[in-house]
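Chains as they are written, first to last, in our numbering: chain A, 5 to 256; chain B, 5 to 256. Built from N, CA and C at the ideal position, the CB exists for glycine as well.
2 protein chains.
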Amino acid sequence: MTIIPTAAVLLIGDEVLSGRTKDKNLGFIADYLTLLGIDLREARCVADKEDDIVAAVNALRARFTYVFTTGGIGPTHDDITADAIGKAFGVPVTHDPRAVEILLTYFKEIGREPNEARLRMARVPQGATLIENAVSKAPGFRIGNVFVMAGVPKVMNAMMDAIAPSLERGVPMQSRTVTLQGGEGDIAAPLGEIQSRYPDVFIGSYPFEGPSGFATNLVIRSRKPHTLEQAEAEVKAAAASLTQEGKARGWN
Amino acid sequence: MTIIPTAAVLLIGDEVLSGRTKDKNLGFIADYLTLLGIDLREARCVADKEDDIVAAVNALRARFTYVFTTGGIGPTHDDITADAIGKAFGVPVTHDPRAVEILLTYFKEIGREPNEARLRMARVPQGATLIENAVSKAPGFRIGNVFVMAGVPKVMNAMMDAIAPSLERGVPMQSRTVTLQGGEGDIAAPLGEIQSRYPDVFIGSYPFEGPSGFATNLVIRSRKPHTLEQAEAEVKAAAASLTQEGKARGWN
Numbered sequence: 005m006t007i008i009p010t011a012a013v014l015l016i017g018d019e020v021l022s023g024r025t026k027d028k029n030l031g032f033i034a035d036y037l038t039l040l041g042i043d044l045r046e047a048r049c050v051a052d053k054e055d056d057i058v059a060a061v062n063a064l065r066a067r068f069t070y071v072f073t074t075g076g077i078g079p080t081h082d083d084i085t086a087d088a089i090g091k092a093f094g095v096p097v098t099h100d101p102r103a104v105e106i107l108l109t110y111f112k113e114i115g116r117e118p119n120e121a122r123l124r125m126a127r128v129p130q131g132a133t134l135i136e137n138a139v140s141k142a143p144g145f146r147i148g149n150v151f152v153m154a155g156v157p158k159v160m161n162a163m164m165d166a167i168a169p170s171l172e173r174g175v176p177m178q179s180r181t182v183t184l185q186g187g188e189g190d191i192a193a194p195l196g197e198i199q200s201r202y203p204d205v206f207i208g209s210y211p212f213e214g215p216s217g218f219a220t221n222l223v224i225r226s227r228k229p230h231t232l233e234q235a236e237a238e239v240k241a242a243a244a245s246l247t248q249e250g251k252a253r254g255w256n
Numbered sequence: 005m006t007i008i009p010t011a012a013v014l015l016i017g018d019e020v021l022s023g024r025t026k027d028k029n030l031g032f033i034a035d036y037l038t039l040l041g042i043d044l045r046e047a048r049c050v051a052d053k054e055d056d057i058v059a060a061v062n063a064l065r066a067r068f069t070y071v072f073t074t075g076g077i078g079p080t081h082d083d084i085t086a087d088a089i090g091k092a093f094g095v096p097v098t099h100d101p102r103a104v105e106i107l108l109t110y111f112k113e114i115g116r117e118p119n120e121a122r123l124r125m126a127r128v129p130q131g132a133t134l135i136e137n138a139v140s141k142a143p144g145f146r147i148g149n150v151f152v153m154a155g156v157p158k159v160m161n162a163m164m165d166a167i168a169p170s171l172e173r174g175v176p177m178q179s180r181t182v183t184l185q186g187g188e189g190d191i192a193a194p195l196g197e198i199q200s201r202y203p204d205v206f207i208g209s210y211p212f213e214g215p216s217g218f219a220t221n222l223v224i225r226s227r228k229p230h231t232l233e234q235a236e237a238e239v240k241a242a243a244a245s246l247t248q249e250g251k252a253r254g255w256n
């Protein structure tokens with residue numbers, strides 16, 4: 005049996021919890037990990053508070069193959085992620101010589117003053133390795149099974165590209181969607197029955213209000229292509245037997 | 005001293021962790037709670053797995069004034085939230101007579117078959133009270149300090165409106181944004197200095213790439229209007245003294 009790597013995402017930042025920033029990082033990482041065959045099992049979001057970050061990192065890194073964090077690695081006073089991760093691992097945080105070099109070269113190139121605040125972005129916990137940042141150079145870092153990335157989506161996306169080759173991959177989950185022009189309550193019984201006969205398949209039911217009224221997306225997911233096809237055929241048949249009823253007039 | 009209620013959000017559903025659904029519920033609830041003066045301190049997302057839901061609900065309800073969950077209360081086999089919440093509270097889950105009545109009336113009105121699956125949506129943990137659903141009738145419920153809502157954004161939004169009058173409110177956090185046409189590294193030192201003199205103010209720094217190049221939003225938040233104004237004036241002055249340098253050529 006293939007072992008499927010597992011993962012958690014930790015979004016760090018007051019701006020998500022205050023509502024000011026609408027997070028897009030979770031969805032991006034979720035899609036990315038699905039393509040790599042890594043099971044994203046949990047996500048958390050905490051504020052820029054050291055104790056909260058430490059507690060979340062330690063809870064998650066003990067349970068999953070990988071933890072991916074975003075946010076809090078810039079040059080300002082509210083960027084406390086590196087120190088919090090250092091504390092979580094019980095190691096000091098110091099300037100990484102290679103990160104300093106990367107930053108100095110970059111600042112010279114773009115005419116930025118390499119001040120103390122900017123060079124804080126070269127600080128990493130002892131034992132960490134750098135994550136390349138193709139967009140704005142200031143690196144992320146990996147320590148143990150924890151990958152620490154920027155919060156700016158464009159930068160984080162580039163860091164995921166840098167990380168990807170080093171990750172163990174599993175068999176990617178494949179998915180099929182069958183759209184039922186009707187309420188999920190009509191198909192609930194046959195759907196549950198199909199689910200019970202396919203333990204390797206995950207069937208989800210997601211009602212929505214579309215241009216032609218209420219409908220339901222039935223999502224079938226599996227790592228076994230043949231089983232997926234069989235289950236999909238059964239869901240399709242169950243859905244087809246229901247679509248004679250006319251337009252659905254409500255959710256569920 | 006006024007006590008500020010705290011809160012956590014728990015998103016329940018495989019579809020968010022697989023990347024298929026890009027969550028919008030966290031941002032909506034975050035904005036809503038900010039307006040009510042309730043501090044959202046943490047958010048989590050777990051899959052449709054009973055043990056994971058139970059663990060998250062019990063961890064969060066012990067730590068915060070309120071917990072708001074979304075997802076998993078429909079009629080299909082993957083809707084296991086009510087049972088998981090019942091287990092978290094150690095109480096049985098049964099059909100609520102008023103919920104059954106609401107559903108039967110609604111199904112009659114829209115011509116839906118009131119089958120066993122649909123009536124599962126009337127099941128709530130013992131001791132729970134119903135949350136009105138102005139959109140699709142199937143209610144959410146409250147048990148203890150946990151509010152259990154639908155995952156469909158339109159329905160969840162209506163449930164927040166139904167819940168809001170029953171929530172304790174705090175003094176709302178107000179915020180001001182000062183946009184610096186430059187890198188956050190230039191203002192990091194004075195910004196940190198201002199922050200250290202205003203312990204009741206939360207200052208965040210968020211770089212972005214705008215139409216006229218790189219810039220930084222400096223967000224100043226406080227529950228004390230006068231203090232907020234003072235801090236804002238200082239941040240504005242610090243930003244103004246830096247904007248002579250010309251267009252920023254990079255992040256941070």
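Quick one: does residue i have its CB under 8 Å from some CB of chain A?
i: B/GLN199; result: yes
i: B/VAL156; result: yes
i: B/MET153; result: no
i: B/LYS26; result: yes
i: B/PRO215; result: no
i: B/VAL50; result: yes
i: B/ASP18; result: yes
Taking 8 Å as the CB-CB limit, is residue i close to chain B?
i: A/SER22; result: yes
i: A/ALA193; result: yes
i: A/PRO169; result: no
i: A/GLU46; result: yes
i: A/GLY68; result: The amino acid at residue 68 of chain A is misidentified as Gly; the sequence shows Phe. Output row for A/PHE68: interface = no.
i: A/ALA142; result: yes
i: A/LEU30; result: yes
i: A/GLY174; result: no
i: A/GLY196; result: yes
i: A/ILE89; result: no
i: A/ASP82; result: yes
i: A/SER245; result: no
Grab me the residues of residue i's own chain with a C-beta within less than 7 Å of its C-beta, minus the 5 sequence neighbours each way, in chain order.
i: B/GLY148; result: ARG65 and PHE93
i: A/ALA132; result: PHE145, ARG146 and ILE147
i: B/PHE68; result: THR10, ALA11, ALA12 and ARG45
i: B/ALA243; result: VAL182, LEU184, ILE191 and LEU222
i: B/GLY189; result: ASN256
Go ahead and label residue i buried or exposed: buried means 16 or more other beta carbons lie within 10 angstroms of its beta carbon, across all protein chains shown.
i: A/LYS112; result: exposed
i: A/HIS81; result: buried
i: A/ARG156; result: It should be noted that the sequence gives Val, not Arg, for residue 156 of chain A. So A/VAL156 ends up on the buried side.
i: B/PHE212; result: exposed
i: A/ALA138; result: exposed
i: B/SER245; result: exposed
i: A/THR109; result: exposed
i: A/ILE16; result: buried
i: B/ILE7; result: exposed
i: B/VAL182; result: buried
i: B/GLU238; result: buried
i: B/ALA168; result: exposed
Kindly identify the DSSP beta-bridge partner or partners of residue i.
i: A/PHE206; result: A/ARG225
i: B/GLU213; result: B/PHE218
i: A/ALA11; result: A/LEU44 and A/TYR70
i: A/VAL128; result: A/THR98
i: A/GLY144; result: A/ILE135
i: A/THR183; result: A/ASN221
i: A/VAL50; result: A/ILE16 and B/GLU46
i: B/VAL152; result: B/THR73 and B/PHE145
i: A/GLN178; result: A/SER226
Among the residues of its own chain, which have a CB less than 8 Å from the CB of residue i, if the five just before and after it don't count?
i: A/LEU171; result: PRO9, LEU40, ILE42 and TYR70
i: B/GLY174; result: THR6, ILE7, ILE8, PRO9, LEU40, GLY41, ILE42, ASP43 and ARG227
i: A/TRP255; result: GLY187, PRO211, GLU213 and PHE218
i: B/ALA121; result: PRO79 and THR80
In chain order, what residues of the same chain have a beta carbon less than 6 Å from the beta carbon of residue i, not counting five sequence neighbours either side?
i: A/VAL20; result: ASP27 and CYS49
i: B/HIS99; result: ALA126 and ARG127
i: A/GLU236; result: ARG180 and ILE224
i: B/PRO129; result: ILE89, GLY90, PHE93, VAL95, VAL97 and ILE147
i: B/ARG102; result: none
i: B/PRO2; result: It is not possible to answer for residue 2 of chain B, since the shown part of chain B is limited to 5 through 256.
i: A/SER140; result: VAL159
i: A/ALA51; result: ASP18 and LEU21
i: A/GLN199; result: ILE207
i: A/MET164; result: TYR36
i: A/ASN62; result: ALA92
Between residue i and chain E, is the shortest Cβ-Cβ distance under 8 Å, so that the two count as touching?
i: B/GLY148; result: No chain E is part of this structure, whose protein chains are labelled A and B.
The region 91-123 of chain B: positions lying closer than 8 Å to chain A by Cβ
TYR110, ILE114, GLY115, ARG116, GLU117, ASN119, GLU120, ALA121 and ARG122
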